[in-house]
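In my numbering, the protein residues as written are -1 to 128.
Virtual Cβ for every residue (Gly too), placed ideally from N, Cα, C.
Please read all numbers here as calculations on a predicted model, not as lab measurements.
What follows is a short report on a single structure.
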């Protein structure tokens, strides 16, 4: 992956966010973690570019689908691939219907992640639960 690529991770669980950030770093992708959705707008405004967004669908202070609607309505983020990233694999059909680019089930499979990431960054949708 290009060292220029940058991921935005929207995830309330610090451990899960750090695991994802480590997997991204191993592929040469920098990341910014947003643990609190109330800081999302500010975080986005300070990032020079974002190539991919990983969005947890279930967070205590925000519904992931509402965050998705916000991201797709914002000029800076409305063309960026947004990946639904959740333990609730039953949400895959809802995510697809609403227009998510891709879906990855938690826990992420580190053996498949590099390939999944490469495909997503190449604008190929990935819909995998494990």
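Roughly how many angstroms lie between the CA atoms of residue i and residue j, to the nearest whole one?
i, j, result
"residue 64", "residue 91", "16 Å"
"residue 7", "residue 42", "11 Å"
"residue 46", "residue 2", "11 Å"
"residue 86", "residue 124", "16 Å"
"residue 11", "residue 56", "10 Å"
"residue 29", "residue 51", "9 Å"
"residue 108", "residue 9", "18 Å"
"residue 121", "residue 104", "21 Å"
"residue 128", "residue 23", "20 Å"
"residue 110", "residue 119", "14 Å"
"residue 31", "residue 49", "14 Å"
"residue 70", "residue 94", "14 Å"
Around the Cβ of residue i, are there at least 16 other Cβ atoms within 10 angstroms (buried) or fewer (exposed)?
i, result
"residue 106", "buried"
"residue 53", "buried"
"residue 100", "buried"
"residue 0", "In this predicted model, residue 0 has a pLDDT of only 45, less than 50, meaning its place in the structure is not dependable enough to derive any value."
"residue 98", "buried"
"residue 112", "exposed"
Tell me, to the nearest whole angstrom, how far the beta carbon of residue i is from that of residue j; I am working on the premise that it is less than 8 Å.
i, j, result
"residue 4", "residue 27", "7 Å"
"residue 115", "residue 25", "6 Å"
"residue 59", "residue 34", "7 Å"
Taking 7 Å as the CB-CB cut-off, is residue i touching chain B?
i, result
"residue 75", "Given the protein chain composition of this structure (a single chain), no chain B is represented."
Any contact between the region 60 to 75 and the region 12 to 29? By contact I mean 3 or more CB pairs, one from each, below 8 Å. no
Given 8 Å as the limit, is there contact between the region 73 to 89 and the region 25 to 40, that is, 3 or more CB pairs closer than that? no
Legend entry - 4 or more residues per run - each alpha helix (DSSP H) lying fully within the region 23 to 97: 38 to 44, 62 to 71 and 90 to 96
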